[in-house]
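Below: the structure, in structure tokens.
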Amino acid sequence: MAETAHQETHGFQTEVKKLLQLMIHSLYSNKEIFLRELVSNAADAADKLRFKALSNDSLYEDDGDLHVKISVDENAGTLTIADNGIGMTRDEVIENLGTIARSGTSEFFSQLSGDQAKDSQLIGQFGVGFYSAFIVADKVTVRTRAAGEDKQRGVEWQSEGEGEFTVSDVEKSVRGTEIILHLREEEKEFLDAWRLRSIIGKYSDHISIPVRMWKEPVPEQDGPDGEKIPAQDGEWEAINRATALWTRDKSEISDEEYQEFYKHISHDYADPLKWSHNKVEGKNEYTSLLYIPSKAPFDLWNRDQKHGLKLYVQRVFIMDDAEQFMPTYLRFVKGLLDSNDLPLNVSREILQDNKVTQAMRQGCTKRVLQMLERLAANDEEQYQAFWSEFGNVLKEGPAEDFSNKEKIAGLLRFASTHSDSDAQTVGLDSYIERMKEGQEKIYYITADSYQAAKTSPHLEIFRKKGIEVLLLSDRIDEWLMSHLTEFKEKTFQSITRGELDLGELDDEESKKAQEEAEKQVEGLLERVKTALGDKVESVKFTHRLTDSPACIVADEHGMTTQMIKLMQAAGQPVPEAKYHFELNPEHALVKILADVQDEARFAQWSEVLFDQAALSEQGSLKDPASFVTKLNALLMDLAK
Numbered sequence: 000m001a002e003t004a005h006q007e008t009h010g011f012q013t014e015v016k017k018l019l020q021l022m023i024h025s026l027y028s029n030k031e032i033f034l035r036e037l038v039s040n041a042a043d044a045a046d047k048l049r050f051k052a053l054s055n056d057s058l059y060e061d062d063g064d065l066h067v068k069i070s071v072d073e074n075a076g077t078l079t080i081a082d083n084g085i086g087m088t089r090d091e092v093i094e095n096l097g098t099i100a101r102s103g104t105s106e107f108f109s110q111l112s113g114d115q116a117k118d119s120q121l122i123g124q125f126g127v128g129f130y131s132a133f134i135v136a137d138k139v140t141v142r143t144r145a146a147g148e149d150k151q152r153g154v155e156w157q158s159e160g161e162g163e164f165t166v167s168d169v170e171k172s173v174r175g176t177e178i179i180l181h182l183r184e185e186e187k188e189f190l191d192a193w194r195l196r197s198i199i200g201k202y203s204d205h206i207s208i209p210v211r212m213w214k215e216p217v218p219e220q221d222g223p224d225g226e227k228i229p230a231q232d233g234e235w236e237a238i239n240r241a242t243a244l245w246t247r248d249k250s251e252i253s254d255e256e257y258q259e260f261y262k263h264i265s266h267d268y269a270d271p272l273k274w275s276h277n278k279v280e281g282k283n284e285y286t287s288l289l290y291i292p293s294k295a296p297f298d299l300w301n302r303d304q305k306h307g308l309k310l311y312v313q314r315v316f317i318m319d320d321a322e323q324f325m326p327t328y329l330r331f332v333k334g335l336l337d338s339n340d341l342p343l344n345v346s347r348e349i350l351q352d353n354k355v356t357q358a359m360r361q362g363c364t365k366r367v368l369q370m371l372e373r374l375a376a377n378d379e380e381q382y383q384a385f386w387s388e389f390g391n392v393l394k395e396g397p398a399e400d401f402s403n404k405e406k407i408a409g410l411l412r413f414a415s416t417h418s419d420s421d422a423q424t425v426g427l428d429s430y431i432e433r434m435k436e437g438q439e440k441i442y443y444i445t446a447d448s449y450q451a452a453k454t455s456p457h458l459e460i461f462r463k464k465g466i467e468v469l470l471l472s473d474r475i476d477e478w479l480m481s482h483l484t485e486f487k488e489k490t491f492q493s494i495t496r497g498e499l500d501l502g503e504l505d506d507e508e509s510k511k512a513q514e515e516a517e518k519q520v521e522g523l524l525e526r527v528k529t530a531l532g533d534k535v536e537s538v539k540f541t542h543r544l545t546d547s548p549a550c551i552v553a554d555e556h557g558m559t560t561q562m563i564k565l566m567q568a569a570g571q572p573v574p575e576a577k578y579h580f581e582l583n584p585e586h587a588l589v590k591i592l593a594d595v596q597d598e599a600r601f602a603q604w605s606e607v608l609f610d611q612a613a614l615s616e617q618g619s620l621k622d623p624a625s626f627v628t629k630l631n632a633l634l635m636d637l638a639k
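When the letters of the sequence shown are read in order and numbered with numbering that gives the first Met the number 0, they come out as residues 0 to 639.
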């Protein structure tokens, strides 16, 4: 090795400093994962070289035997993980080993609590990767050279994990990367060959390239029957199966192997919730291995976040994050596809409109929805755990995937008046089972919060009659319901929009009482409409209220309050909405209003009742000061 030259010292990205300190302390109880992470990275480097070499065979540099080698130096106290994969250039070293190139970083750190047990789960969820080396090492040296580069273009990276790292030019005769861990004194157990072999067997048996360790030579020995046992030379021996896990028969693969493979491809710390391994034969031949994570990543809602499956063609790695095989509303799914029908030089552009791609996408989507259906049917508690992590993403489905709209709708969960909790546990099937005799619609309300939905005056008649209403308060819910119009031949009906027609659920006795109440305040509607003018679309009597004097209602095909807020939040222009103002003729305040003879005072009463209804529906007023002034004036009148 030539002497290092062109040495530079760099400071770590701030987030890296924090992560290093947190990992050293919080992940200490499971410190052996560092080996899994480093071997996994080495296997990825081999996959990337294999793919690039499809179009440039010279990158192999006459060495197509891709592998990982693990070696120890007891005297120096070092453990080395070396690969002959794609390697890195100087710029790539600085970028990859000095920064955390991942969105959601700030949110991740904001959730850390200082509790090591809780923080270790968060760190694992965020992903540890290369930096896990510092769990056991007080100094790490990385030597690397990019495939195809001159041997003089090697790079050495070195750090003690404190605040900075150095980068130097070195000579490296072999392409790829070697990571040298200078182990802490108390971590010397990782110099033991048997210990290392057991860790590789536990975590990395599924790696599709051989992981090798040096087998010491054995001298000639005497056998039990007096015969000589020949000497054996020392050799590099594969200590894993080196067979792609997804190519093996399902009956041969244990749950532990599936779980470890998930952690390899996802760099997740937690076990997956469910998985599905399938080999498809016929018109299209491919193997899929799909996982549903147990925890959502921090960047799930980032618009630029990459998602998709790892794509292999005939066991050759082609690309990460092949989004063409999984719809966006299932972007949380991890896994891989191995196709026999796509060309080895396939590109993202070719995949976009490829019929084989479309068939595989449909097949993978179907598999994931089946997994979720089985989970919902067989383990309600586990499904609720899934829903709390990924429910809002799944709500994007009805708008995106028309062909599976009914299946997706069956997987949705909502809060409802059936429960006093804000937990979203009610499925549409269970709602339909509880529907009143003669009920033809699924009733729902959208609001800014669960509390606002639960206390809305629009619910009053439904509570009186014992009719269940779904309470929707997530930002996406209004958009969801604009695309979800029916389920199992039952139409959805917003209780804040259009005329309220309970059909067979209304009884004759109630109707007669309503007609009598309207007669007592006859002529009121015209006066209120005159007083409010263009503020309202119309003024009507309503019997959807029992305890409130008035409410505002959107037009049947107009924009609801929640949709207006959604568009405003997105910076979209929104036309001014006019509502129907509905009065409860049986309420004492409405009867008082009908008896007011002074038109100026009558106008004040009308405006206060309208503002109250708007405040209840919208959560705010355009002119709250004016509302307070009018209300105070009326209160002063009553006090006289």
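All C-beta atoms, glycine included, are put in the ideal place defined by N, C-alpha and C.
Counting other Cβ atoms within 10 Å of its Cβ, threonine 246 stays below 16 and is therefore classed as exposed.
A check of alpha carbon separations from aspartate 46 across Lys518, Asp319 and Val355 identifies Asp319 as the nearest. According to DSSP, arginine 35 shares a beta bridge with no other residue. For asparagine 583, the closest alpha carbon among the candidates Leu614, Ala549 and Met434 is that of Ala549. Judged by DSSP secondary structure, tyrosine 328 falls outside any beta strand (DSSP E); it is assigned neither H nor E. Per the C-alpha coordinates, the member of Gly233, Glu234 and Pro218 positioned closest to lysine 227 is Pro218.
Around the beta carbon of alanine 632, fewer than 16 other beta carbons lie within 10 angstroms, which makes this residue exposed. It is roughly 9 Å from the alpha-carbon of valine 71 to the alpha-carbon of isoleucine 80.
As for any alpha helix (DSSP H) of minimum length 4 sitting wholly inside the region 528-591, the runs are 560-568, ordered along the chain. Comparing alpha carbon positions, the residue from Gly222, Gln220, Asp221 and Gly233 closest to arginine 211 is Gly233. Using a 10 angstroms sphere on the CB of alanine 530, the tally of other CB atoms reaches 16 or more, which defines it as buried. Secondary structure at tryptophan 245: helix, using DSSP grouped into helix, strand and coil. Scanning its chain for C-beta atoms nearer than 6 Å, with the 5 sequence neighbours on each side dropped, one finds around leucine 499 the residues Arg543, in chain order. Per DSSP, reduced to three states, the secondary structure at asparagine 277 is strand. With a 10 Å radius around the Cβ and a threshold of 16 neighbouring Cβ atoms, glutamine 323 comes out buried.
Separation of lysine 68 and valine 166 (C-alpha to C-alpha, rounded to the nearest whole angstrom) is 23 Å. By the Cβ test, the region 393-412 is in contact with the region 483-495, since at least three Cβ pairs between them sit closer than 8 Å.
The beta carbon of valine 607 lies closer than 8 Å to those of Phe626, Lys629, Leu630 and Leu633 in the same chain, with the five residues before and after it left out. For tyrosine 430, the enclosing alpha helix (DSSP H) stretches over residues 427-432. Residue environment analysis places aspartate 337 among the buried positions, since at least 16 neighbouring C-beta atoms fall within 10 angstroms of its C-beta. Going by DSSP, tyrosine 443 is part of the beta strand (DSSP E) stretching over 440-445. Fully contained in the region 289-319 are the following beta strand (DSSP E) runs of length 3 or more, in chain order: 308-312. Take the alpha-carbon of glutamate 616 and the one of threonine 454: they are about 10 Å apart. Methionine 635 counts as exposed, since fewer than 16 other beta carbons sit within 10 angstroms of its beta carbon.
Rounded to the nearest angstrom, the gap between the Cα atoms of aspartate 168 and arginine 152 is 7 Å. In this chain, methionine 87 is not harboured by any alpha helix (DSSP H), its DSSP state being neither H nor E.
In its chain, beyond the 5 residues on either side, Ala243 have a beta carbon closer than 6 Å to the beta carbon of serine 207. DSSP places tyrosine 268 outside both helix and strand once states are collapsed to three, so it counts as coil.
Distances from the CA of isoleucine 291 to each of Ser429, Met370 and Val425 were compared; the closest alpha carbon is that of Met370. The residues Asp137, in chain order, have a CB closer than 6 Å to that of arginine 183 in the same chain once the five nearest residues on each side in sequence are set aside.
Sixteen is the threshold: since fewer than 16 other Cβ atoms of the shown chains lie within 10 Å of the Cβ of proline 216, the residue is exposed. As DSSP reads the structure, serine 415 sits in a beta bridge with Leu469.
Each residue's CA atom was taken as its position, placing lysine 282 and isoleucine 317 some 22 Å apart. For glycine 396, the CB contacts under 6 Å within the same chain, skipping 5 residues up- and downstream, are Tyr328 and Ile407 in chain order.
Around the beta carbon of glutamine 603, 16 or more other beta carbons lie within 10 angstroms, which makes this residue buried. The residues Asn283, Ser338, Asp340 and Leu341, in chain order, have a CB closer than 8 Å to that of valine 355 in the same chain once the five nearest residues on each side in sequence are set aside.
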